[in-house]
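Colleague: Starting off with a structure, shown below.
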Amino acid sequence: TAVAASYMNIPLAHTQGGEVTGSIDESVRHAITKLAHIHFPTTELSKKRLVQMGENPNDIHTVGCPSIDSIFAHDLKMDSQFIKTYSRKGVGSNIDFYKPYLLVLQHPVTTEFGDGNSQINETLNAIRELKMQTIWLWPNIDAGSDDISKAIRTFREKHNPSFIHFYINLKVEDYAILLNNCACIIGNSSSSIREGSFLGIPAVNIGTRQNNRERGKNIIDVDYDSSSIAKAIHFQLQHGKYEPDSLYGKGDASLKISNILAS
Numbered sequence: 092t093a094v095a096a097s098y099m100n101i102p103l104a105h106t107q108g109g110e111v112t113g114s115i116d117e118s119v120r121h122a123i124t125k126l127a128h129i130h131f132p133t134t135e136l137s138k139k140r141l142v143q144m145g146e147n148p149n150d151i152h153t154v155g156c157p158s159i160d161s162i163f164a165h166d167l168k169m170d171s172q173f174i175k176t177y178s179r180k181g182v183g184s185n186i187d188f189y190k191p192y193l194l195v196l197q198h199p200v201t202t203e204f205g206d207g208n209s210q211i212n213e214t215l216n217a218i219r220e221l222k223m224q225t226i227w228l229w230p231n232i233d234a235g236s237d238d239i240s241k242a243i244r245t246f247r248e249k250h251n252p253s254f255i256h257f258y259i260n261l262k263v264e265d266y267a268i269l270l271n272n273c274a275c276i277i278g279n280s281s282s283s284i285r286e287g288s289f290l291g292i293p294a295v296n297i298g299t300r301q302n303n304r305e306r307g308k309n310i311i312d313v314d315y316d317s318s319s320i321a322k323a324i325h326f327q328l329q330h331g332k333y334e335p336d337s338l339y340g341k342g343d344a345s346l347k348i349s350n351i352l353a354s
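Under the working numbering, the sequence shown has 228 at position 137, and the numbering climbs by one with no breaks.
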């Protein structure tokens, strides 16, 4: 889209530019920044990076993260309709959504292609050790996804865990409900840092995929090591929810963006 817009002389607005991470997304994000004309970063630090990249400060507007808007506008309480819908989906053991549960979402790291199997097995072993009811979501389709998916399937067939339920994917608003009501989120999804900090959800971030991304106090960073992962989860379970953090916005980014574009 960014390349096409440039060649067709169509003004391009870019959200969430200036952020750094430990994956290929960072390279793509910076490339789009250089093709964009109007910038909507989520934080002041991201804005500073855009200026350092040579973008005109007058075209940069710090608005927060639009993904926060999607959860700010919804009722995220666990209800009977949600339970009825998702009790019939996915595979694995039955989950009592009204009791504490873990939420796991771990994606491949494109810059560490080939290591996905060993990395996910450390997480699987940590969850197996805890034996706490767990909701596990399938990884995205980045390079290395097949290794992670295969390892999860192998684990499931070998151990047939009585405390894990697996889902391929969920709607954004339903994922937000799962996140808001979990006891701890584990893995390397940016949602633990963005939405998780806004909701105050205890989170264990594994590995390098979110390297250097700004984060709130709800995050504990660990390496690909089952004992370290389990230890961090224990700590977060004892800690419980954190104070909500507006680092990535207050739920009004969409309004700010639309107002700026209109003017």
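Idealized CB from N, CA, C, for every residue including glycine. These numbers were taken from a predicted model, which means no experiment stands behind them.
If we ignore side chains and look at the alpha-carbon of each, how far apart do G340 and T153 end up?
Modeller: So the two alpha carbons sit approximately 9 Å from each other.
Colleague: Taking the beta carbon of L269 as the centre, do at least 16 other beta carbons fall within 10 Å, making it buried, or is it exposed?
Modeller: Buried is the call here.
Colleague: Quick one, which of F254, S281, D150 and A267 has its alpha-carbon nearest M223's?
Modeller: Checking every option, the nearest Cα to that of M223 belongs to F254.
Colleague: Quick one: give me the first and last residue of the beta strand (DSSP E) that G287 is part of.
Modeller: No beta strand (DSSP E) contains G287, which is instead part of the alpha helix (DSSP H) from E286 to L290.
Colleague: Once you ignore the five residues that flank F163 on each side, which residues in its own chain have a CB closer than 7 Å to its CB?
Modeller: So the qualifying residues of the chain are G342.
Colleague: In three-state terms, what does DSSP make of A164?
Modeller: Reduced to three states, the DSSP call for A164 is coil.
Colleague: Using the rule of at least 16 other Cβ atoms within 10 Å of the residue's Cβ for burial, across every protein chain shown, is Q329 buried or exposed?
Modeller: That one is exposed.
Colleague: Please report the residue range of the alpha helix (DSSP H) in which L328 lies.
Modeller: Looking at the DSSP string, the run of the alpha helix (DSSP H) that includes L328 is S317 to H330.
Colleague: Quick check on the DSSP output: the beta strand (DSSP E) that includes V111 runs from which residue to which?
Modeller: Note, V111: premise wrong, no beta strand (DSSP E); not H, not E.
Colleague: Quick one, are the C-beta atoms of D238 and G205 less than 9 Å apart?
Modeller: Contact: yes.
Colleague: Can at least three beta-carbon pairs, one atom from the region 160-177 and one from the region 193-210, be found at a separation below 8 Å?
Modeller: No: the two stretches stay apart, fewer than three of their Cβ pairs being nearer than 8 Å.
Colleague: Give the straight-line distance between the Cα atoms of L126 and L338, rounded to the nearest whole angstrom.
Modeller: One C-alpha to the other measures close to 26 Å.
Colleague: If we ignore side chains and look at the alpha-carbon of each, how far apart do G145 and S280 end up?
Modeller: Spanning the two alpha carbons is a distance of roughly 29 Å.
Colleague: Could you check where the alpha helix (DSSP H) with T245 kicks off and where it finishes?
Modeller: Here the alpha helix (DSSP H) through T245 covers S236 to H250.
Colleague: Restricting to Cα atoms, I'd like to know which of L194, G108 and H130 is closest to V295.
Modeller: Ranking L194, G108 and H130 by Cα distance to V295 puts L194 first.
Colleague: By Cβ distance, which residues of its chain are closer than 7 Å to A344, with the 5 residues on each side in sequence left out?
Modeller: So the qualifying residues of the chain are V154, G155, C156, P157, I159 and D160.
Colleague: Just verifying my parser: in three-state terms, what is the DSSP assignment at V182?
Modeller: It is a strand residue.
Colleague: Does the pairing of the region 247-267 with the region 180-187 give three or more beta-carbon distances under 8 Å?
Modeller: As far as the Cβ criterion goes, the region 247-267 touches the region 180-187, which means the pair count is three or higher.
Colleague: In this structure, does DSSP put D206 in helix, strand or coil?
Modeller: D206 falls in the coil class under three-state DSSP.
Colleague: Is the beta carbon of A242 less than 9 Å from the beta carbon of G207?
Modeller: Contact flag set, yes.
Colleague: Return the residue from the list F131, N147 and S97 that minimises the CA-CA distance to S349.
Modeller: Among F131, N147 and S97, the Cα nearest to that of S349 belongs to F131.
Colleague: Leaving out five residues before and five after S317 in sequence, what residues of the same chain have Cβ atoms less than 6 Å from its Cβ?
Modeller: Cβ within range, chain order: E213, N216 and A217.
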